[in-house]
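Notes follow the structure.
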Amino acid sequence: MASERILPAHAGFPARTAGIILMSMVLCSLTAGHIFGDSSEKPTNAKPAKAALAAVPLRFEANQGQTDSQVKFLSRGDGYSLFLTSSEVVFTLRTPAGVKAPPSVFRMELLGAERHAQVSGADKLPGAANYFIGNDPKKWRSGISAYGKVKYRGIYPGVDAVFYGNQRQLEYDFVVAPGADPTQISLGLTGVTPSLDIEGNVLLRLADGDLALKKAIVYQNIGGGKKIVDARYAIAGGKVRFELGKYDHSQTLVIDPVFSYLTYLGGSGPDQIGGNQVVNQTTSPAQALAIDSAGDVYVTGFTTSADFPVAHPYQATSKTNTWTAFVSALNPSGTALLYSTYLGGSVYTAGSSIVWDSHDNAVYVVGTTNSPDFPITAGAFQTILSPGMVGGKEGSAGQYNAFVAKFSAAGQLTNSTFLGGNPQTAGFGVATDSQGRAYVAGFTVYNCIPPYSPSYSCFPTTPGAVIPAGTISQNGDGFISVFDAKLSTLLYSTLLGDPNGAQTNTSEAFSVTVDPSGNFYVVGVTGSPSLPTTPGAFQPKLGTSNAIPLAGFAAKFGPVSASGASLIYLTYLEATGVSFGDLPGGVVADTQGNAYIGGYTNSAAFPLTPGAYQGTCKGNSCVFATKLNSKGTGLVWSTFVEVADYFGSIQLDAQGNVYVTGHSNEFFEGVNPLQPGLLSGGFVSKLDPTGSTLLFSSVVGAGVGINGNSSLSGVAVDVQGNIYVAGSINDATLPTTPGVFQPSFRGGQGAYGDGLIAKINLSTVAPQAPTIASGGIVPVDGSSATIQPGEWVSIYGTNLAAASATWTGNFPTSLGGTSVTINGKPAYLWYVSPGQINLQAPDDTTTGSVPVVVMTANGSATSSVTLAQFAPAFLLLDTKHVTGIILRSDGTGAYGGGAYDIADPTGSSLGYPTVAAKAGDSLLLFGVGFGPTSPSAPAGQAFSGAASTTKTVNVLIDNVSVIPGFAGLSGAGLYQINLILPAGLGAGDVTLAASVNGVPTQSNVVISVQ
19 MASERILPAH
29 AGFPARTAGI
39 ILMSMVLCSL
49 TAGHIFGDSS
59 EKPTNAKPAK
69 AALAAVPLRF
79 EANQGQTDSQ
89 VKFLSRGDGY
99 SLFLTSSEVV
109 FTLRTPAGVK
119 APPSVFRMEL
129 LGAERHAQVS
139 GADKLPGAAN
149 YFIGNDPKKW
159 RSGISAYGKV
169 KYRGIYPGVD
179 AVFYGNQRQL
189 EYDFVVAPGA
199 DPTQISLGLT
209 GVTPSLDIEG
219 NVLLRLADGD
229 LALKKAIVYQ
239 NIGGGKKIVD
249 ARYAIAGGKV
259 RFELGKYDHS
269 QTLVIDPVFS
279 YLTYLGGSGP
289 DQIGGNQVVN
299 QTTSPAQALA
309 IDSAGDVYVT
319 GFTTSADFPV
329 AHPYQATSKT
339 NTWTAFVSAL
349 NPSGTALLYS
359 TYLGGSVYTA
369 GSSIVWDSHD
379 NAVYVVGTTN
389 SPDFPITAGA
399 FQTILSPGMV
409 GGKEGSAGQY
419 NAFVAKFSAA
429 GQLTNSTFLG
439 GNPQTAGFGV
449 ATDSQGRAYV
459 AGFTVYNCIP
469 PYSPSYSCFP
479 TTPGAVIPAG
489 TISQNGDGFI
499 SVFDAKLSTL
509 LYSTLLGDPN
519 GAQTNTSEAF
529 SVTVDPSGNF
539 YVVGVTGSPS
549 LPTTPGAFQP
559 KLGTSNAIPL
569 AGFAAKFGPV
579 SASGASLIYL
589 TYLEATGVSF
599 GDLPGGVVAD
609 TQGNAYIGGY
619 TNSAAFPLTP
629 GAYQGTCKGN
639 SCVFATKLNS
649 KGTGLVWSTF
659 VEVADYFGSI
669 QLDAQGNVYV
679 TGHSNEFFEG
689 VNPLQPGLLS
699 GGFVSKLDPT
709 GSTLLFSSVV
719 GAGVGINGNS
729 SLSGVAVDVQ
739 GNIYVAGSIN
749 DATLPTTPGV
759 FQPSFRGGQG
769 AYGDGLIAKI
779 NLSTVAPQAP
789 TIASGGIVPV
799 DGSSATIQPG
809 EWVSIYGTNL
819 AAASATWTGN
829 FPTSLGGTSV
839 TINGKPAYLW
849 YVSPGQINLQ
859 APDDTTTGSV
869 PVVVMTANGS
879 ATSSVTLAQF
889 APAFLLLDTK
899 HVTGIILRSD
909 GTGAYGGGAY
919 DIADPTGSSL
929 GYPTVAAKAG
939 DSLLLFGVGF
949 GPTSPSAPAG
959 QAFSGAASTT
969 KTVNVLIDNV
979 SVIPGFAGLS
989 GAGLYQINLI
999 LPAGLGAGDV
1009 TLAASVNGVP
1019 TQSNVVISVQ
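All residue numbers for the sequence shown refer to the numbering used here, where the first residue is 19 and numbers rise by one.
Following this line, the structure appears as C-alpha cells:
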C-alpha cells in the first residue's frame, strides 16, 4: 500500500448542526422508454423540444371532475397517465399505436395508510388545464391549477409523504417525525412481479416494459450534515417494506433516492471509447464523450468488432479487418441508441474526441486514419489522404492524417475532411464555438523543411501562424487548426513546438477549448527548450536544458478573425527543479478567461498552491488540476487529485466545480465512492471552485471485486449536476443498472474489451460510513499487523474522513471530523484523508489483540490490531530503500550542509540527487516502534531532543553487525539510529535489518552502498 509521510497543510471544515431523518425513493422507467418519452425511433433535429421535455417537472392537476372521483391529483405524460388517490399510486401505460391489447396498469398501494390524510398541492406551476369534452358545458372544466408536488400530511402516524418528479421519473419522500415508526410504511404492488436485484433495487416486470424502485437512501440531518442510516427493501407476498439499521429516534428520518445508469457498449471484438494509438505515440488523453441539452450522450472510439451495435447508421458495416472508428448516441435514460455508426475506410481509423455543436445541433468528431477511402464530403478542405506526388501525379501517399467529421442530430455525415500534409498527422482534441466552427488539436511529424521535396506536401498553416510549416521539428510538432462550420475553409492554423526545427524536440497538442468570448486555449507537451513563450508568462523558460521526459505547455489565442488569430500567452507548465514528466492533457475555460488544465505528472515538485486539496503526490504519479489566470502569468490554484498513471479528461460546471477523469494504478482514496473498496481503475473526481476540497471521487466501471480493469476517456456535466463518463472495460462483471441498452459484456481479449457509459446523480450519492481495509492497520511504511504504543500507525480504508487535513504541534484526538480509538483510548491524529489516517498510538501497557474504531459523522468502523511493547520497522524512501541521511561536507544535498538521502545514485529525492553510502559515512536511519525510551516521551505531544531506547538496538548491514552510536527518539514517535558505515561491505543495494528485545524489523529492506 502507498503510505504518506510528507503531509500537505490543509484545514477548514464546516460546522455541523442538528437535523432530521428522511426516506426518499424513485420510481423510474427501465426498458419501457416510451413511458417517459424516450424513443428508439430515428431522431430528428427537434432537440430543443426534447431537452425541454426532459427538464419539465411533473404537472399534478387537482381533480375537479375531469377523472374518477377517487383521484386526488393526476398527471399525464408521453405514454402514460399517473393518478394519486388517498392511498394509492396508479400508473396506466398507453398501448403503442397499432397494438391491439389493453393498457398495462400498475398499482402501488400505501398499505394501512390513513384514508383521510390531508392531500394538497405545493409549488404551484404556471398555466392551467382546460377540458372541453363533449357538448355538455356542465361537464367542461377550465382553469385547473397544476402543482410541482403533492403532499400527504399524516399518511401514517407521524409520517408525511411528498410526490414530485419529471417526465422521466416519479420521486417520493417519506418524512418520519421524531418518535414515529418507519416500519408502518408498506407498499402493496399489483400488476407487476417484484424482485430484488444485486444493487438492492426492486425490479417491477410489466408486459410493456420494466420499472424499478431505486434503492432508497435513508438519513438524518444532524449537525448540519447527513448521517446515513442502513436501509434495504424486503419483499414478501407482493409487499415491499423497509428494514432499517440503528438511528436516532429523537430526530426526523429521511428516505432519499439514488438514480444513475451504467451500460456496456461494444461487440464481440475489442472496443475502446476514446484514445488514439498511431504515429508511434502512446494513447493520448481524450474527451470522447459529449452531451446535448436533452441529456443525450455521444461517444466515439474505435473497434474491430464486426457486430458492433449500430442503429440508423451512416455506415452499417466495417470496411476493414483492423481498427475502425465508431460514433454512437445514447438516449437520456441509457436504454436505447439514438444512432450508432461505423466510420472509416479500408485501413485504420480511430475516433479520439467528440464535441456537441449547439449552433447546428450536431457533433464534431476528430481522430486519425490512414484509409485513402475514408468518407470525405464534397467541398471539403482536404480531399486526399497525405497528398503527395505518386507516379508523377498528385495522390495519396497512404500516411496517417487527422480527420474531422460532422454528424447531424439524425446521425448522418454532413461534412468531413482530412487534415495533414504528406507527413504523418494525428487528431487528438476538438472544440467548437458559438458560430459552429471546429477547432482541432493534434500532432504532425516532419517532412517539410526546405528544400521541399516534390513528393511531399507540408502540413497546412495559415499566414500569421506562430510557427509555420517550414520550420517543423523532425520529431514532430503540435498543431491547432480552425475550420469554418462546413469544414471547407481553414481559417487559422499554426504549429506549436520548436521554432528552430530541432530534430530531437517533439511537441504534441492534446486538447483545445473555446471560451464564450471566442478565445481558444491549447495544452500539450514538448521536449523543446525553445518554445516561443510570451513576456510575463508563468513559466517562460524550461526548467532543464531539455524536457526528457516531456514537459507541459499551455497557450491562449484571441478570437479568430479574417486576419487569423493572435497569441495571447504561451507558457511552460512543468515541475520546478528536476522534472520527471509533466503531461497536461485537457483544458477548459470559464467566462473570465481563466484556463483549467488537467493532466498527470511523475514529478513531486509540480507547481502547486498553498491551501490546495492535496499538496503531495502519494504514488509514483498523480493526476493534477491547475487553474491558470486569464493572462497566463500565474496560478490561481493548483493541486494533485488522485494517484494515477493516466489522465483522461477535464470538465467545468456553471458553479466553477472542476471534474477530472483518469486511471488509478495504486492506492485510490476516493470521497463517497460509488463502489467502495475498489483501489484502482478508471475514476472521476469533483473539486470545489477553489481547488481546496475534493467533493466526490470514485472508481467507475470496475467489475465486482475486480480492480484496475477500467479506464475513462470522457466526462461531461449537465445543468442539474449529473456527471456523465465514458471509457472502456475488460471485464464481464460490470454492475450495470437495470434496463440499460447493453447490460452484458460482449468484448474481446487482451487490453481491450467493451466501452462503458455511466450517468451519476451526485445529489443522491450519500455520504458513506467509514470502512477499514483488511490488514489495513500497520506501522507507517510497514506491513506488520503488530504496533507499539506511541508508534506512528497508518490506517487504510474508505470514507475515513471528509477531506484531507493535517496538524502541527501537540496532536489532537479529533481532526477533520474523524477520531480513532485503540483499545478504547483516543489516538493522536496527524493526518486524515478519505483513504488514509496517520496517527500516533496512545500509551498503553496492554499486549495482544485490541479493538480499533474509526468514527466520523457518517458512522464508524471497527477492526483489530496486535499491540506489543516492541514493533520495530524502518521507514522507507520508496518500496525498499531505508529512509536515511548521509552527512557530508560538500553542501549540495537536499537538506543543506551536504545532507543526502540514501538511495541509488541515479535517483532523486525532493528534486535533489540521492547518493549511495560509502565506508566512513555518518548515517542517520529512521524508523518506528523500537520500544520504550529514557526519558519517556508521552504520546500525543510534540517532542524534540533525544531519548535513548531502554533496550539495545542491534543492526546488521550486509549481514555485518554495526553498533549504533545512538538509537532512540528524535521526534514524536520517530526513532533515529546513528552509525558509521564500516568498510568491507558489498556494493549496490545490500540488506539492512535491526532488532530490539528479540523483535526484528520488516524484511527486504536495503541500503545503497558504493
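C-beta atoms are modelled at their ideal positions from N, C-alpha and C, and glycine is treated no differently.
- Excluding the 5 residues flanking it on each side, G263 has same chain C-beta neighbours closer than 8 angstroms at V247, D248, A249, in chain order.
- Annotation: I668 to R159 spans about 52 angstroms, alpha carbon to alpha carbon.
- In this structure S346 is not in contact with A306, their Cβ atoms being roughly 11 angstroms apart against a cut-off of 8 angstroms.
- Here the C-alpha atom of T970 lies approximately 7 angstroms from the C-alpha atom of N1015.
- Within the DSSP bridge table, the entry for N972 names S1013 as partners.
- For the pair T342 and G362, the Cα-to-Cα distance works out to about 6 angstroms.
- A straight-line Cα-Cα distance of about 22 angstroms links L513 and G369.
- In this structure, the alpha-carbon of V317 lies about 13 angstroms from that of G352.
- For H267, same chain residues with a beta-carbon under 7 angstroms away, outside a window of 5 residues either side, are P196, G197 in chain order.
- With the rule of 3 Cβ pairs closer than 8 angstroms, the segment 796–806 does not count as touching the segment 736–751.
- Per DSSP, reduced to three states, the secondary structure at Q669 is strand.
- Boundaries of the beta strand (DSSP E) around Q136: 136–142.
- V868 is bridged by DSSP to V883.
- Along the length of the segment 428–455, whole beta strand (DSSP E) runs at least 3 residues long occupy 431–437, 443–450, reported in chain order.
- Fewer than three pairs of CB atoms, one per stretch, sit closer than 8 angstroms, so the segment 478–485 makes no contact with the segment 445–462.
- Taking a contact to require three or more Cβ pairs closer than 8 angstroms, the segment 807–815 and the segment 318–336 do not qualify as touching.
- Within the same chain, C640, V641, G680, S682, F686, E687, F701, S703, S715 come within 7 angstroms of E660 by CB-CB distance, once the 5 residues on both sides are set aside.
- The segment 954–961 and the segment 986–997 touch, with no fewer than 3 CB-CB distances between them shorter than 8 angstroms.
- Looking at the DSSP output, Q290 shares a beta bridge with F320.
- Contiguous beta strand (DSSP E) elements confined to the segment 485–567 occur at 495–501, 508–514, 525–532, 538–544, taking only those with 3 or more residues.
- Closest in alpha carbon position to G986, among D736, G949, G1002, is G949.
- For S762, no beta strand (DSSP E) encloses it, and the DSSP letter there is neither H nor E.
- When beta bridges are read from the DSSP output, F461 appears opposite A444, G496.
- Per the coordinates, the alpha-carbon of D314 lies some 5 angstroms from the alpha-carbon of P350.
- Rounded to the nearest whole angstrom, the CA to CA distance from E79 to K167 is 10 angstroms.
- Annotated as proximal: L207 and G256, with beta-carbon spacing under 8 angstroms.
- Residue pairing by DSSP puts N996 in a beta bridge opposite L942, F984.
- Residue environment for G719: buried (at least 16 other C-beta atoms within 10 angstroms of its C-beta).
- Contact between V606 and A573 fails: their C-beta atoms lie close to 15 angstroms from each other, not under 8 angstroms.
- Sequence-distant partners of T395 (beyond 5 residues in either direction) whose C-beta falls short of 8 angstroms from its own C-beta, in its chain, are L431, T432, N433, S434, T435, L505.
- According to the DSSP assignment, P602 belongs to the beta strand (DSSP E) that extends over 600–607.
- In the DSSP annotation of this structure, the continuous segment of the beta strand (DSSP E) that includes D772 starts and ends at 772–778.
- When the five nearest sequence neighbours on each side are left out, the beta carbons in the same chain lying within less than 6 angstroms of the beta carbon of Q202 are those of Y174, in order along the chain.
- Counting along the chain, D375 sits inside the beta strand (DSSP E) bounded by residues 367–375.
- In terms of Cα proximity to V1008, the closest of Q1028, D736, G576, P441 is Q1028.
- By the beta-carbon neighbour count (other beta carbons within 10 angstroms, threshold 16), T103 is buried.
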